[in-house]
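Peer 1:
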Amino acid sequence: MTAESYYIPLHILKEITNGFSADSRIGRGGYGDVYKGVYNRREVAVKLLHVDTLLGLDDQRYINEVGNLLKVKHPNIIQLLGYCYEIQNELIEHNGANQFSQHIYRVLCFEYLQGGSLDKHLCAQSFAPNWSTRYNIIKGICEGLNFLHECKPQICHLDLKPANILLDSSMEPKVADFGLSRLFTPSHTHITERIIGTRKYMPPEFLNEGKISPKNDVFGFGVVMIEIMAGPAGYSNSFEMHDVAQLMQQVLTNCTMIEATSNNRSEELRQHCPQISVPGLERAKKRKKTGGNLKGIAEERTHFTVMQENAPSMLENRDHRETSAKIGAEVVGRDMEKQEIMAHLSGSTTQEITFLPIYGIGGIGKTTMAQFVFNDSQFKEYSRVWTYVSQTFDLKKIGNSIITQLSGSKSMHTDLQMIENSLQKLLSGKRVLIILDDLWERESPQLKKLESMLNLGEGGKLVVVVTTREESIAHKIHTGRVKPYKLAPLTDEICWTIIKNKSSFENRAERAQLELIGKEIAKKCGGVALAAQSIGYVLYAMEFDEWVSVNNSEIWDVLASGESTHHVHASLLLSYHIMDKYLKLCFAYCATFPKGHKIAKEDLAHQWVALGLVEPSRTFSNIQTSHKYIRHLFGMCFLEHPRSQWSYMDVDNGFLIMHDLVHDLGRSFLADKIIIESPACQYAWLTDHRKLFKSSMNPLAKLFMSSMNPLAKLFKSSMTPLAKIRALHFLDRAYLQLNGEAFSPAKCLLVLDLSRCCAQKLPDSIGQLKQLRYLDASWNPEFTESSEYQAPPESLLIPKALGSLNELQYLNLSGRGRPIGLPEVISELTDLRYLNISHCMGYYLLDIPSANQSFIDCIGTLPNLEQLDMSSNNYGFCVPESFSRLKKLNLSDCQYIASLPENVGKVDIPMLFGLLFPQKGGFPVRVVDSESSSSLVWLKHTNPDVLGITDT
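In case it helps, UniProt numbering puts the sequence shown at residues 1 to 952.
#1: Would you list the one or two residues that DSSP bridges to Thr468?
#2: Please go through the same chain and pick out, in chain order, the residues whose beta-carbon is closer than 6 Å to the beta-carbon of Ser117, but skip the five residues on each side of it.
#3: Between Lys161 and the rest of its own chain, which residues show a CB-CB distance below 7 Å, the 5 nearest in sequence each way excluded?
#4: Ser407 lies in the beta strand (DSSP E); which residues open and close that run?
#5: Check whether the stretch 573-587 and the stretch 535-545 are in contact - that is, three or more C-beta pairs closer than 8 Å.
#6: Which of the three DSSP states is assigned to Asp869 in this structure?
#7: Rounded to the nearest angstrom, what separates Thr830 and Asp603 at their Cα positions?
#8: Output needed for Phe127: all residues of its chain with C-beta closer than 8 Å, excluding positions within five of it in sequence on either side, in chain order.
#9: Nearest to Thr619 by alpha carbon, out of Ser377, Leu613, Tyr896 and Lys628?
#10: Beta-carbon within less than 6 Å of Lys920's beta-carbon, same chain only, minus the 5 sequence neighbours each way: which residues are those?
#11: Below 8 Å CB to CB, which residues in the same chain sit around Glu471 once its five sequence neighbours on both sides are set aside?
#12: Please state the DSSP three-state secondary structure of Phe110.
#13: Kindly list the residues whose CB is nearer than 7 Å to the CB of Val332, restricted to its own chain and excluding five residues on each side of it in sequence; keep chain order.
#14: Based on the DSSP secondary-structure assignment, which residues constitute the bridge partners of Thr414?
#15: Between which two residues does the alpha helix (DSSP H) containing Glu337 stretch?
#16: So, Val38 versus Ala45, is the Cβ gap smaller than 8 Å?
#17: When DSSP labels each residue in this structure, what does Ser5 get in the three-state scheme?
#18: For the stretch 502-509 against the stretch 388-404, are there 3 or more C-beta pairs whose distance is under 8 Å?
#19: Shortest alpha-carbon distance to Gly222 belongs to which of Thr861, Pro819 and Ile141?
#20: Assuming Pro173 is part of the beta strand (DSSP E), what are its boundary residues?
#21: Can you tell which of Ile77, Arg28 and Lys71 has the C-alpha that lies nearest to the C-alpha of Leu516?
#22: State yes or no: is the C-beta of Tyr629 nearer than 7 Å to some heavy atom of the ligand GTP?
#23: Tell me the residue span of the beta strand (DSSP E) that contains Phe730.
#24: Between the beta-carbon of Ile353 and the beta-carbon of Thr387, is there less than 8 Å?
#25: Please report how far the alpha carbon of Leu762 lies from the alpha carbon of Leu611, in whole angstroms.
#26: If we count the other Cβ atoms within 10 Å of its Cβ and call it buried at 16 or more, is Leu416 buried or exposed?
#27: So does the stretch 412-426 actually touch the stretch 459-466, counting three or more Cβ pairs closer than 8 Å?
#28: Using the C-alpha atoms, what's the distance from Leu835 back to Leu802?
#29: Skipping 5 residues on each side, what residues in its chain have a beta carbon closer than 6 Å to that of Gln339?
#30: For the alpha helix (DSSP H) that contains Trp386, what are its first and last residues?
#31: Going by C-alpha to C-alpha distance, which of Leu750, Ile657, Trp779 and Pro489 sits closest to Gln760?
#32: Is it the case that the Cβ atoms of Leu832 and Asn864 are separated by a distance below 8 Å?
#33: By how many angstroms is the C-alpha of Gln624 removed from the C-alpha of Gly654?
#34: Within 10 angstroms of the Cβ of Ile859, are there 16 or more other Cβ atoms? Answer buried if so, exposed if not.
#35: When you compare the CB positions of Pro819 and Phe855, do they come within less than 8 Å of one another, or not?
#36: Within 10 angstroms of its Cβ, does Ala509 collect 16 or more other Cβ (buried), or is it exposed?
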């Protein structure tokens, strides 16, 4: 029989399903909805395939594939009885008017089985009361799957799971939804970009790379076997088991709840089935290890915080994310809480000082509530201060921040008594609102010192709002009748509102279908805004079937818990799994930075490129792709913009930070790649160098040791961790010197960040870093992590060996005063893409103008240079014609530029304001063929006193 003979008209299918009504619907899945009906006097299951899922499907290929499926006949395969393909014109309302629209119907009609799907039986106490029945189900699935794999052309299921295994009245299994994946995957390829189904039953090579293979079904079959033998929780519990013996023990223990059978064959089967499923289990364990320990995620910190407290070479937690008083545009659902908090504060008007702690889990919106208070009209007559406290409790830093905002000038007091004296003057006789955001300090004496420091003013009124995660901290710091306020989770409806906003739900054509699934996803966000925002963003680019896959993901189940924190972790992890492999690598690298660290956006983009984490593209440059990645991570709430420490309303768009929960997630994927003591260490941060010497065996101590030290020989072996490190960051403000052989073992180093290292000389061994692509030896006093002022270094001695770095693409020497030796090596750095020599006023050295110009001209000859920053250099030079081929050029605050070529106007020149402030003899503008130079338009920003026009 031909495929046409199995054709069922659409009107008949609509008739037997009551127009595909909700009353007739018996199931929903990633491929379509299933309806029950009666056709030719037999019960049937009618599957209406999703229109949006089938966009772009070739009509003839659909009919051909259906023809192949109709040929599949086996006792353990659900039988396809017929199909339908019709296009109908339907009257719809659009923009207030009725009009006709074409609707494509693709429908499959299957036999209906009374026993229902296997997943409905697994949880039932009455399921398969003897082992022979369970074995027969396993055997039937195996035979049906084997038959599909031997078909010509071969059929891979790609979504084998209990929900797609149906049982008849005698408990005989039949595999359903087989072959549907062929409709969505090009027949000529073994790779698919669309993964439809439940990830729990999919192998890592399919999830990560989309590879199509019969092995995918074998993996899913192994998971199904475990669930049949050990119950629905058996698969999840198996990850806690060390070997097959433990799994077998669970299976045999489960036997005690099942009626025993008399023959020895059943006992043999009970022993043998776990042995079969173990290879799939072992692969699943590797998948879980690669993707992060999901159980560990549910434990909040224990497995996430891989940066050990007793590891002296690793950075201790410093500042968390910077926050500010500015409220985002998408805040919803907190009006009632705001009213309650303001009522609490209004009732304390008679007190001179009031502390109100707001507490709740991470990501629930404590900072948002503090922002509401800060911006409320009740405090418009108050002097308002916003201070981010962080996990590192520093009274001096808190005090200086408050003084700076109240006085309007930056405070850098190093003595606590001076801070208290200043606060006493500033707080006395005034009404002041202070927000202390993200307090972690648990010790009561320290909290008392904080209260005492703020309770110095007389005759005024002080309101202090504190946000913290821990209830115990909140109860230690509150005052009087104002009790700590616990911030409750958002309602499911509010979470759905957030998801709708982030996913652009209102612009979707299939809103009716998406809403049901979206509301289920919203329930799983645990009332946490961060979870809803992250998952909402990733749903934006997804079709209906992908929404279904997100909702059905096993990640929600593995992290199932009454605690909202676990829902946040699940949401973030789902967002992570949806990223492509390059974006995953870039995100994980962000977590190598310490918690709360302000990451310079441009630096991060260049570091990704240097480390080879960016996917090559024929259309975009690597830097452009990096900025695209940053936009994606920002949209997912995996990266945020910090706020200026000293100006509570300013967003610092040049920097990025990670929410601490997101940071924990990233750390879980790095594992031992950031632990110095691990041979697998690839990324290292160095803080207080003095701690290095507490462990003389620490390999990174060699960076500061004398080359004559006997221990130095220990680290010349290629087996030392330093030999494998790819990125090395310094965070030490002490004036120490790197020894001459400091970098000798680091042969694989690609990124070297010395921007927080005060060394005044780069060691000669830097020339041995032949693979180095990124070198930052800049100095910025704003980067200091302490409240104490440190003077910048006067110069940096650059060895000739730097010129041998043929792979170097990024060089930043900003703020280094006099980078001595750079002019001698600059022309050798032929692969350089980015050069920053801003705030380097020492180039004039012997005040020889010709030497300065020669150096500038050498820069212009670099063949691959794209970005150049020479801002804030007050010495005279002419901008060469060669600079016109740059993509970006920063000359702001260069007050002694002698001349600019006309075609330099083609370059993207940021911060033009104040660029050409004329000095000494005015500013010459060239005129060619009696036409004025386009550079004249720049002068509107400068209003020069003298304008000289020469005919050259």
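Each residue gets a CB set at the ideal place from its N, CA and C atoms; glycine is no exception. Only a predicted model underlies this, so the values are computations on that prediction, with no experimental measurement involved.
Peer 2: According to the structure shown:
#1: For the purposes of this step, residue 468 is taken as the residue at position 468 of the sequence shown. Residue pairing of Thr468 in beta bridges, as defined by DSSP: Tyr359.
#2: Residue mapping note: residue 117 aligns to position 117 of the sequence shown, counting from 1. Ala163 and Leu166.
#3: In the sequence shown, residue 161 corresponds to position 161, counting from 1. Here Lys161 has Thr198, Tyr201, Gly220 and Val224 as same chain residues with Cβ atoms under 7 Å from its own Cβ, once five neighbours each way along the sequence are excluded.
#4: For the purposes of this step, residue 407 is taken as the residue at position 407 of the sequence shown. Per DSSP, Ser407 belongs to no beta strand (DSSP E); it is in the alpha helix (DSSP H), Leu395 to Ser407.
#5: Verdict: yes, contact present.
#6: Locating residue 869 in the sequence shown gives position 869, where the first residue counts as 1. In the structure shown, Asp869 sits in a strand (DSSP, three-state: E or B).
#7: Translated into positions along the sequence shown, residue 830 becomes position 830. Translated into positions along the sequence shown, residue 603 becomes position 603. Here the alpha carbon of Thr830 sits roughly 20 Å from the alpha carbon of Asp603.
#8: The residue labelled residue 127 in the question sits at position 127 within the sequence shown. The residues are His121.
#9: For the purposes of this step, residue 619 is taken as residue 619 along the sequence shown, with counting starting at 1. Considering only alpha carbons, the answer is Lys628.
#10: Indexing the sequence shown from 1 puts residue 920 at position 920. Note that Lys920 scores 39 on pLDDT, short of 50, meaning its location in the model is unreliable; the coordinates nonetheless yield the value given after this. For Lys920, there are no CB contacts under 6 Å within the same chain when 5 residues up- and downstream are skipped.
#11: Here residue 471 refers to the residue found at position 471 of the sequence shown. So the list reads Tyr359, Pro484 and Lys486, once near-sequence residues are dropped.
#12: Here residue 110 refers to the residue found at position 110 of the sequence shown. Correct three-state label for Phe110: strand.
#13: Residue 332 sits at position 332 when you count from the first residue of the sequence shown. Hits under 7 Å: Ile494, Thr497 and Ile498.
#14: Indexing the sequence shown from 1 puts residue 414 at position 414. The bridge partners DSSP lists for Thr414 come to none.
#15: For the purposes of this step, residue 337 is identified with residue 337 of the sequence shown, where counting begins at 1. That run of the alpha helix (DSSP H) goes Asp335 to Ser346.
#16: For the purposes of this step, residue 38 is taken as residue 38 along the sequence shown, with counting starting at 1. For the purposes of this step, residue 45 is taken as residue 45 along the sequence shown, with counting starting at 1. Val38 is not a Cβ neighbour of Ala45, given a cutoff of 8 Å.
#17: If you number the sequence shown from 1, residue 5 lands on position 5. In this structure, Ser5 counts as helix in the three-state DSSP scheme.
#18: Cβ pair count under 8 Å is below three, so no.
#19: The sequence position of residue 222 within the sequence shown is 222, counting from 1. Of the listed residues, the one whose Cα sits closest to Gly222 is Ile141.
#20: Working through the sequence shown from its first residue, we reach residue 173 at position 173. Pro173 to Val175 is the extent of the beta strand (DSSP E) around Pro173.
#21: As a position in the sequence shown, residue 516 is number 516, starting the count at 1. Of Ile77, Arg28 and Lys71, the residue nearest in Cα terms is Arg28.
#22: With respect to the ligand GTP, the structure shown offers nothing to examine, as it has no ligands at all.
#23: Taking the first residue of the sequence shown as 1, we reach residue 730 at position 730. DSSP places Phe730 in the uninterrupted beta strand (DSSP E) bounded by Ala727 to Phe730.
#24: Position 353 of the sequence shown, counted from the first residue, corresponds to residue 353. Position 387 of the sequence shown, counted from the first residue, corresponds to residue 387. Note that the C-beta distance between Ile353 and Thr387 is not below 8 Å.
#25: As a first step, residue 762 is located in the sequence shown; it is residue number 762 there, counting from the start. As a first step, residue 611 is located in the sequence shown; it is residue number 611 there, counting from the start. Rounded to the nearest angstrom, the two C-alpha atoms are 22 Å apart.
#26: The residue you call residue 416 lines up with position 416 of the sequence shown. It counts as exposed.
#27: Under the Cβ criterion (8 Å, minimum of three pairs), the stretch 412-426 does not count as touching the stretch 459-466.
#28: Taking the sequence shown and counting its residues from 1, one reaches residue 802 at position 802. Taking the sequence shown and counting its residues from 1, one reaches residue 835 at position 835. Those two C-alpha atoms are separated by around 14 Å.
#29: Translated into positions along the sequence shown, residue 339 becomes position 339. Excluding sequence neighbours, Gln339 sits near nothing in its chain.
#30: Position 386 of the sequence shown, counted from the start, is the residue given in the question as residue 386. Unbroken run through Trp386 is the beta strand (DSSP E), Ser383 to Ser390; no alpha helix (DSSP H).
#31: One-based indexing of the sequence shown puts residue 760 at position 760. The candidate whose alpha carbon is nearest that of Gln760 is Trp779.
#32: Reading the sequence shown from its first residue, position 832 is the one you call residue 832. Reading the sequence shown from its first residue, position 864 is the one you call residue 864. Yes.
#33: Position 654 of the sequence shown, counted from the start, is the residue given in the question as residue 654. Position 624 of the sequence shown, counted from the start, is the residue given in the question as residue 624. Each residue's CA atom was taken as its position, placing Gly654 and Gln624 some 16 Å apart.
#34: One-based indexing of the sequence shown puts residue 859 at position 859. It is buried - the Cβ of Ile859 has at least 16 other Cβ atoms within 10 Å.
#35: Within the sequence shown, numbered from 1, the residue matching residue 819 stands at position 819. Within the sequence shown, numbered from 1, the residue matching residue 855 stands at position 855. Not in contact: Pro819 and Phe855 (Cβ atoms no closer than 8 Å).
#36: Translated into positions along the sequence shown, residue 509 becomes position 509. With fewer than 16 other CB atoms across the displayed protein chains lying within 10 angstroms of its CB, Ala509 is exposed.
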